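Numbering (our numbering), first residue to last: -6 to 271.
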């Protein structure tokens, strides 16, 4: 979704592993050299011997600067994801609140459209912040303002700062949507943490094949348990869209549970009547 070229990812990995060293010929010039030719740029723009990867390579040929690149990335992300989010916001009313959609189609569609634009703006901003944070750290501040060694700037700081700041885009989304995203983001974050922290330890351990994956699965299962428990105890605690979806998926189980609950209530009422008569 971010549109990053595989060559840039390979270059970042090579920098981190010490195979792409600025100011030295380590035989890694082809990593970005071929990408430069494809973009119509001089091969020297991606050659580490020059001491720095040119911004136009990071921008994938866009000559208008870092700020314009961030805006272009935002627009591309927005346009690409809008049909997906429109379908996501249209599905619940179409499947579970059809009568309301038929009774008031104008307001319903307006609400769906606004929600889709909002969600698409969130993801577009998420992408734009990551890209501009990279440019801000490696070029605007690190290189132009502070003159920090480029090998330090391109090793860790730009991706780190971008990853930290992009979460602010979540403020564009509505409050209840932020909570929903937590169900997905937290397990993935734990997966990343455990993968990085445990990787050196698990290479020779018996659990090396499933450590991080099982951690993610367990956390996701715990999150779904909370949702299902709330759905069982009090449906009003769960958002209508989630309630409708879960009720549709678990229709048979919920109908059986409802019959059991009603049966217990009837038994309790019968016992109470007997006690009163006595």
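We put the CB at the ideal spot given by N, CA and C, even for glycine.
As the structure is a prediction and not an experimental result, all values here were calculated from the model.
Our contact map puts residue i next to residue j with C-beta atoms below 8 Å; I'd like the distance itself, whole angstroms only.
i	j	result
residue 166	residue 112	6 Å
residue 216	residue 176	5 Å
residue 162	residue 115	5 Å
residue 127	residue 51	7 Å
residue 12	residue 21	6 Å
residue 146	residue 135	4 Å
residue 86	residue 107	Their Cβ separation, rounded to whole angstroms, is 13 Å, which puts residue 86 and residue 107 out of contact at 8 Å.
On the DSSP letters alone, give me the boundaries of the alpha helix (DSSP H) that residue i sits inside.
i	result
residue 157	150 to 158
residue 73	59 to 89
residue 115	98 to 128
residue 16	Per DSSP, residue 16 belongs to no alpha helix (DSSP H) and is neither H nor E.
residue 26	23 to 32
residue 50	48 to 51
residue 229	No alpha helix (DSSP H) holds residue 229; DSSP gives it neither H nor E.
residue 138	That residue, residue 138, is in no alpha helix (DSSP H); it is neither H nor E in DSSP.
residue -2	No alpha helix (DSSP H) contains residue -2, which DSSP labels as neither H nor E.
Given that a residue counts as buried once 16 or more other Cβ atoms are within 10 Å of its Cβ, and exposed if not, what is residue i?
i	result
residue 38	buried
residue -1	exposed
residue 143	buried
residue 118	buried
residue 265	The pLDDT assigned to residue 265 is 46, lower than 50, so where the model puts this residue is not dependable; a value taken from the coordinates is nonetheless given after this. Answer is exposed; the Cβ neighbour count stays below 16.
residue 97	exposed
residue 239	buried
residue 157	exposed
residue 219	exposed
residue 28	buried
residue 72	exposed
residue 252	exposed
residue 132	buried
residue 42	exposed
residue 16	exposed
residue 125	buried
residue 99	exposed
residue 283	The chain is shown only over -6 to 271; residue 283 falls outside these bounds and no answer can be derived.
residue 40	buried
residue 61	exposed
residue 186	exposed
residue 63	buried
residue 24	buried
Of the residues the options, which one's Cα is nearest the Cα of residue i?
i	options	result
residue 272	16, 123, 77 and -2	The first residue shown for the chain is -6 and the last is 271, placing residue 272 beyond what the model contains.
residue 56	32, 75, 107 and 238	32
residue 109	76, 46, 147 and 47	76
residue 153	163, 130, 138 and 97	130
residue 36	120, 116, 26 and 44	26
residue 5	151, 181 and 101	151
residue 47	106, 1 and 138	1
residue 101	79, 140 and 207	79
residue 89	246, 63, 241 and 245	241
residue 249	72, 45, 236 and 225	225
residue 211	44, 160 and 179	179
residue 82	235, 231 and 208	235
residue 70	84, 121, 222 and 53	121
residue 91	246, 245 and 237	237
residue 34	3, 168, 103 and 54	54
residue 207	223, 229 and 183	183
State yes or no: is the beta carbon of residue i nearer than 7 Å to at least one beta carbon in chain D?
i	result
residue 88	Among the protein chains of the structure shown there is no chain D, as only one such chain exists.
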